[in-house]
Amino acid sequence: MQAAEKAPATAVKADPVLLRVKNAYKHFPISGFGGLAVRAVDGVDLEIRRGETLGLVGESGCGKSTLARLITALLPVTAGKVVFDGQDITTLKGRRLRRIRRKMQMIFQDPFASLDPRMTVGDILQEPLDNFSIGSVRDRRRRVQELLRLVGLNPNFTNRYPHEFSGGQRQRIGIARALAVNPSFIVCDEAVSALDVSIQAQIINLLQDLQNEFQLTYLFIAHDLAVVRHLSDRIAVMYLGKVVETAGRNDIYERPQHPYTKALLSSIPVPDPAVERERAPIALKGEIPSPVNPPSGCRFHPRCPIARAPGVCSEQEPPLEPHGARDQVAACHFAGQF
Amino acid sequence: MGQILLQVDDLHTQFFTSRGVVRAVDGVSLHIDAGETLGIVGESGCGKTITALSILRLVPDPGRITAGKIMFRGRDVTKFDDDEIRDFRGNDVAMIFQDPMTSLNPVTKVGFQIEEAMTAHNRFSASLARTRVVELLKRVRVPAAESRVKDYPHQFSGGMRQRAMIAMGLANEPSLLIADEPTTALDVTVQAQIIQLMKQLNRELGTAMMLITHNMALVASLCQRVVVMYAGRIVEEGPVEQIFKSPQHPYTWSLLRSVPRVDEARKDRLVSIHGLPPDLTNPPPGCKFHPRCPFVIDRCKIDEPGLSEVAANQVARCWVLMRNVKDEDVAAAKASALSLDAAKKLKAEAPPEVGTVAGG
Ligand SMILES: Nc1ncnc2c1ncn2[C@@H]1O[C@H](COP(=O)(O)OP(=O)(O)OP(=O)(O)O)[C@@H](O)[C@H]1O
Ligand SMILES: Nc1ncnc2c1ncn2[C@@H]1O[C@H](COP(=O)(O)OP(=O)(O)O)[C@@H](O)[C@H]1O
Ligand code: SF4
Ligand code: SF4
Ligand SMILES: [Mg+2]
Ligand SMILES: [Mg+2]
């Protein structure tokens, strides 16, 4: 059985893209407001390549977590496709969906909220193995201990409860749990954001080493763009439910093509007083509009420093097209023209 | 430098809990000059907030200042009576917190709250206070200030609430503004606006600022001088430029090397500090950092170093100092927790690609 299952997997490996999001939408209807909806994800196209880390950034409420939940099939799409390893997972059900889910795991921001406080660490790590009936009971116990060791925790901690661990240790338990079922793809949603910087560095180094060791593919979501640049191969920027730019980690910083990307990057302070003396953040006017009723045309136009109004910006939605470097796309009528 | 505004001398603040005495602030001495911007950095729990609350004499129960002096313009705050301390908090020093909702009253209009802050301290007459509210909101760049004075706090965005807090803090023209993680809960674009605003206020009004943060980049952006705290103590202090260029305490060095920079391509692994900050009811003997320090020597485990001058205007509390550390020890500080041995075993017995799934 193992061999029979492995054959097609190798065949698909020719495709460098592990996951494709095609024109995906997620609208949350607002009850009592006939027809109105929060357009959390509003037409997203995205590719994640095998073995890479794709960083996903954008301000609070722009739809990052919702997109992550669509990608991992934790939420049904309103429209569009999510193709993982050649299969459209939006139409999968039951056993076939579970089979795919095993390959995609998630690590969350608050390691405490995501670990059941009444379960021991051993039970927490064994649960996914039980769910997928992996190995014998003895195998599972041993695997749990190896997983603890893997992330630098004492394998004899299996009888302890989450509250007996520090934030960084709990996050390592969360990582061990995600790795239990041998996934190929891991979504980290603000996985290091709640940690103190020194602990954050531990987790970042661990994530990098695990990726090398197990050939993992990551979707790394964080609001800290410095951490995202450090960990990612490519970075996608979201604004109000849409991806507005995607590029390699250095290109996006050195030559952003979308004015929102440029403004976002310019607003991040760096730990260097000499640089800080010169840095001039680009101030955006106004505030992020409501995702219930996004602006017409380019949804960034009311805040855009280079919008040409009245005209094309407020009337036509710019498509996500190649601009700038190789492998860089941006959704702007005047990309790079600042 | 200018005239000393605030001088904290050997401050001790302790919490008397059932677990024992928490030495939250354990012999802190620092000063801030008029018009100066001072950063206080360190991991959570190292005593930053309690230092600030001690200065305002707002330490919560079961905590108490047990020793030390807090001199403000030559008068000892720890000896103030109730009237004096109220006057001090309202007129001389203002504090803004991480979550503005904890300090804004949700059922009172924003404008009225700012007005009350002024009339309560008899600094301005009622009519003058009313006209100043709009002026203050404009100064902190709340758009359409004239109409927004009538809004309730929930009608403001997170960034606007933080700006309203700052407006309230500035209402009585204090000479010192203490900001405790003022931007931590905000998006980066909003954070940039608040930092810009604080810089401007410091420049235009000469308000001295004490910025408490775990974010080294904010310190680089806003502060002239920085104090690094660990386990209730100051471990290093000096001018920002110098500390960032040449940190001498291993803890400062680790904090600076543990964060990546957005303006640089990835060069190196991050430095991570193993272990956890100590339990402040029972701190380790010797150097408080020694159980986590990659450069520890025998002496560190017994003797605690004092703060001594390591360069002009720079002091550090360390027997070794970064300039004496060997390269291979620096490399070791970048190791990860990953067990390669466990990884090998897990790979060898990796469960089949697709398991036999029960049910479904
Ligand atoms: N279950 C839901 N019902 C209604 N609206 C929702 C739901 N989940 C998310 N939203 C809305 O969808 C939008 C996108 O939310 P999402 O959580 O994806 O943002 P995010 O980019 O992850 O933000 P953050 O950086 O704060 O985590 C927001 O306006 C949010 O309020
Ligand atoms: N109300 C309290 N009761 C007991 N201990 C407290 C209380 N408040 C703070 N502490 C302790 O005082 C120490 C310093 O806390 P704090 O100043 O808030 O740290 P920081 O602001 O640097 O994160 C910590 O060990 C903390 O647990
Ligand atoms: S399309 Fe127009 S409004 Fe939108 S980002 Fe480009 S220039 Fe700005
Ligand atoms: S005194 Fe010793 S343990 Fe403490 S910081 Fe210096 S080298 Fe490290
Ligand atoms: Mg989110
Ligand atoms: Mg604090």
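From first to last, the protein sequence lines stand for chains A and B. Position one of the first sequence corresponds to residue 1 (our numbering), numbered consecutively onward. Position one of the second sequence corresponds to residue 1 (our numbering), numbered consecutively onward. By construction, the Cβ of each residue, glycine as well, lies at the ideal position given by its N, Cα and C atoms.
Could you tell me whether the Cβ atoms of residue i and residue j are closer together than 9 Å?
{"i": "R172 of chain A", "j": "V151 of chain A", "result": "yes"}
{"i": "R141 of chain A", "j": "G167 of chain A", "result": "no"}
{"i": "L58 of chain B", "j": "R89 of chain B", "result": "yes"}
{"i": "P281 of chain A", "j": "C332 of chain A", "result": "no"}
{"i": "L56 of chain A", "j": "A236 of chain A", "result": "yes"}
{"i": "T53 of chain A", "j": "T158 of chain A", "result": "no"}
{"i": "G159 of chain B", "j": "V134 of chain B", "result": "no"}
Which one or two residues does DSSP pair with residue i in a beta bridge?
{"i": "I89 of chain A", "result": "Its beta-bridge partners do not exist; DSSP assigns none."}
{"i": "Y239 of chain A", "result": "A:K242"}
{"i": "L177 of chain B", "result": "B:A94, B:M209"}
{"i": "T261 of chain A", "result": "T261 of chain A is not bridged to any residue."}
{"i": "R39 of chain A", "result": "A:H27"}
{"i": "L56 of chain A", "result": "A:I221, A:A236"}
{"i": "I234 of chain B", "result": "B:M229"}
{"i": "T37 of chain B", "result": "B:M209"}
{"i": "E146 of chain B", "result": "BP columns for E146 of chain B are empty, so no partner."}
{"i": "A247 of chain A", "result": "A:I235"}
Start and end of the beta strand (DSSP E) containing residue i?
{"i": "K22 of chain A", "result": "17 to 29"}
{"i": "M118 of chain B", "result": "It is not in any beta strand (DSSP E) - M118 of chain B instead sits in the alpha helix (DSSP H) that spans 110 to 119."}
{"i": "V227 of chain B", "result": "225 to 230"}
{"i": "I70 of chain B", "result": "63 to 72"}
{"i": "I221 of chain A", "result": "217 to 221"}
{"i": "M104 of chain A", "result": "104 to 107"}
{"i": "G135 of chain A", "result": "Taken as a continuous stretch (DSSP letters only), G135 of chain A belongs to no beta strand (DSSP E), as it is neither H nor E."}
{"i": "K81 of chain A", "result": "79 to 84"}
{"i": "V187 of chain A", "result": "185 to 189"}
Per DSSP, what kind of secondary structure is residue i in: helix, strand or coil?
{"i": "S54 of chain B", "result": "helix"}
{"i": "M119 of chain A", "result": "coil"}
{"i": "S308 of chain B", "result": "strand"}
{"i": "D303 of chain B", "result": "coil"}
{"i": "F338 of chain A", "result": "coil"}
{"i": "E43 of chain B", "result": "coil"}
{"i": "P239 of chain B", "result": "strand"}
{"i": "R326 of chain A", "result": "coil"}
{"i": "L46 of chain A", "result": "strand"}
{"i": "T158 of chain A", "result": "helix"}
{"i": "R163 of chain B", "result": "helix"}
{"i": "K199 of chain B", "result": "helix"}
{"i": "D268 of chain B", "result": "coil"}
{"i": "Q381 of chain B", "result": "Since the first and last residues shown for chain B are 1 and 360, residue 381 of chain B lies out of range."}
{"i": "R308 of chain A", "result": "coil"}
{"i": "E5 of chain A", "result": "Caution is warranted here: a pLDDT of 42 is assigned to E5 of chain A, below 50, making its placement in the model unreliable, and no coordinate value can be reported."}
{"i": "T356 of chain B", "result": "Only weak support exists for where T356 of chain B lies, its pLDDT of 40 falling under 50; the value from the coordinates is given anyway. Correct three-state label for T356 of chain B: coil."}
{"i": "D76 of chain B", "result": "strand"}
{"i": "V12 of chain A", "result": "Per-residue confidence for V12 of chain A stands at a pLDDT of 46, beneath the threshold of 50, marking its modelled position as unreliable; the derived number appears in the next sentence. Residue state, collapsed to three classes: helix."}
{"i": "A220 of chain B", "result": "helix"}
{"i": "E321 of chain A", "result": "strand"}
{"i": "Y152 of chain B", "result": "coil"}
{"i": "R299 of chain A", "result": "coil"}
{"i": "L170 of chain B", "result": "helix"}
{"i": "T184 of chain B", "result": "coil"}
{"i": "T281 of chain B", "result": "coil"}
If you follow the alpha helix (DSSP H) that residue i is part of, which residue opens it and which one closes it?
{"i": "H31 of chain B", "result": "Run containing H31 of chain B: none in the alpha helix (DSSP H); it sits in the beta strand (DSSP E), 20 to 33."}
{"i": "Q14 of chain B", "result": "First-last for Q14 of chain B: 4 to 17, but that is the beta strand (DSSP E), not the alpha helix (DSSP H)."}
{"i": "I204 of chain A", "result": "197 to 214"}
{"i": "V134 of chain B", "result": "126 to 139"}
{"i": "E278 of chain A", "result": "273 to 278"}
{"i": "S65 of chain A", "result": "64 to 71"}
{"i": "V330 of chain B", "result": "327 to 332"}
{"i": "T252 of chain B", "result": "250 to 257"}
{"i": "E349 of chain B", "result": "That residue, E349 of chain B, is in no alpha helix (DSSP H); it is neither H nor E in DSSP."}
{"i": "L97 of chain A", "result": "94 to 101"}
{"i": "E84 of chain B", "result": "82 to 87"}
For ligand 5, list every residue whose C-beta falls under 7 Å from any of its heavy atoms, going in chain order.
A:K64, A:S65, A:D189, A:E190, A:I221
Those residues, in chain order, that have a beta-carbon closer than 7 Å to some heavy atom of ligand 6:
B:S44, B:K48, B:T49, B:D180, B:E181, B:I212
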